[in-house]
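Read through the structure below, which is laid out as structure tokens, and then see the notes.
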Amino acid sequence: MSVEMRHEDCLRVGTHALASRLIVGTGKYASYEQMREALELSDCDCITVAVRRERLVNSRGENILDFIDGDRYTLLPNTAGCFSAEDAVRVARLGREILLGMENPGADWVKLEVLGDTKTLLPDPIATLQATEQLVSEGFQVLCYTTDDPVTARRLKEAGAVSVMPAGSPIGSGQGVLNPNNIRICLEYLKEGDPDYPVIIDAGVGTASDVTIAMELGVDGVLLNTGIAHAQDPLLMAQAMKLAIEAGRMAYLAGRIPKRLYATASSPEAGKIELTQKARSKNASQGG
776 MSVEMRHEDC LRVGTHALAS RLIVGTGKYA SYEQMREALE LSDCDCITVA
826 VRRERLVNSR GENILDFIDG DRYTLLPNTA GCFSAEDAVR VARLGREILL
876 GMENPGADWV KLEVLGDTKT LLPDPIATLQ ATEQLVSEGF QVLCYTTDDP
926 VTARRLKEAG AVSVMPAGSP IGSGQGVLNP NNIRICLEYL KEGDPDYPVI
976 IDAGVGTASD VTIAMELGVD GVLLNTGIAH AQDPLLMAQA MKLAIEAGRM
1026 AYLAGRIPKR LYATASSPEA GKIELTQKAR SKNASQGG
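Start counting at 1 in the sequence shown, then tack on 775, and there's your number in this note's numbering.
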């Protein structure tokens, strides 16, 4: 995608404008050095960071924030690992304080995760809605991780979320977009009367084709982590994800051809050379 097109076709979430429609997580890498290189190769300009204290510093005492270029990236703090609205709100406030101290523009928004259980890591819809209402009242721009349920998605938008982020499939599962029809309905509900409202697939994508399929559905972006961090070659996969998000977006804007049951000739019928009777008979006898 050309620089000019990326500039004109930026992703707008609340007051933030992002050149890349790919948002990448910072967890699960073999090292912070590998994470830093993967982020660069993905060409993203927004990264999400879990701000709970135990996740900021690794076993070697290294602080993840020392490996992130705060001038290059807009940080999106997230409430990963929270299982109640109260915990999520508290972690969101902590993230805001950390980023205010860094003077990073991401201090005013949060990726909200309120999980329902440890086995599926699916969101608790009631607690997510409660936390959204509270955080919006405190001035946060809230991006909500949720299921692909269109009714829940619509209620989160009504509660003031600046973006609703339905899961393609469970976190870290690599199953891709399991229910494209629900994603289409989410897009219909969320963009009705508001076509620029950003809908971002969050979780479950495992490879580049998953990202492209999501973008071809018409979502505005994809947030991923495990698909890069746990790939056999994370650095190569980071580059693949960069190209996938661009290809999927361009394909969506270009408009695919309709699917048909039967073949349609590629060459035009008008002006075709007619076969002689002898040639037709020979062609038929040869099975052509």
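All residues carry an ideal CB built from backbone N, CA and C; glycine is no exception. Bear in mind that the values here come from a model prediction, so they are computed numbers and not experimental data.
CA-to-CA distance, residue j to residue i, given in whole angstroms
i, j, result
"G947", "G891", "16 Å"
"P1009", "A902", "34 Å"
"T922", "G836", "35 Å"
"F842", "Y848", "11 Å"
"Q905", "A855", "16 Å"
"C919", "R1035", "37 Å"
"D844", "T1039", "52 Å"
"S817", "V824", "16 Å"
"A928", "K1017", "27 Å"
"V889", "C857", "5 Å"
"S806", "L840", "13 Å"
"Q1014", "G1002", "12 Å"
"W884", "P852", "7 Å"
"E815", "V986", "18 Å"
"L965", "V974", "8 Å"
"T895", "A942", "12 Å"
"G802", "E783", "31 Å"
"E808", "D846", "18 Å"
"V864", "V911", "10 Å"
"L999", "I976", "8 Å"
"E872", "V866", "10 Å"
"V980", "L1011", "16 Å"
"A882", "S1041", "53 Å"
"L897", "S944", "9 Å"
"D924", "V826", "27 Å"
Residue i, DSSP secondary structure in three states
i, result
"R865", "helix"
"E829", "Caution is warranted here: a pLDDT of 49 is assigned to E829, below 50, making its placement in the model unreliable, and the coordinate value is therefore given only provisionally. Note: E829 maps to helix in three-state DSSP."
"R787", "strand"
"S938", "strand"
"L840", "helix"
"L918", "strand"
"P1033", "coil"
"K886", "strand"
"A792", "strand"
"L931", "helix"
"T1039", "coil"
"L896", "coil"
"T903", "helix"
"G800", "strand"
Counted within 10 angstroms of its Cβ, other Cβ atoms place residue i as buried (16 or more) or exposed
i, result
"A792", "exposed"
"A813", "buried"
"D820", "buried"
"A934", "buried"
"Y804", "buried"
"Q1007", "exposed"
"P914", "At residue 914 the sequence reads Gly, which differs from the Pro that was named. Label assigned to G914: exposed."
"P970", "exposed"
"K932", "buried"
"V926", "exposed"
"G996", "buried"
"A1029", "exposed"
Chain C contact for residue i (CB, 7 Å cutoff)
i, result
"D862", "This model lacks chain C altogether; it includes just one protein chain."
Should the stretch 1008 to 1027 be regarded as contacting the stretch 795 to 806, the criterion being three or more beta carbon pairs within less than 8 Å? yes
At what residue ranges does the stretch 943 to 1019 contain a whole run of the alpha helix (DSSP H), taking only runs of 4 or more? 955 to 966, 983 to 991 and 1001 to 1004
Between the stretch 1023 to 1041 and the stretch 991 to 1003, do at least 3 Cβ pairs fall closer than 8 Å? yes
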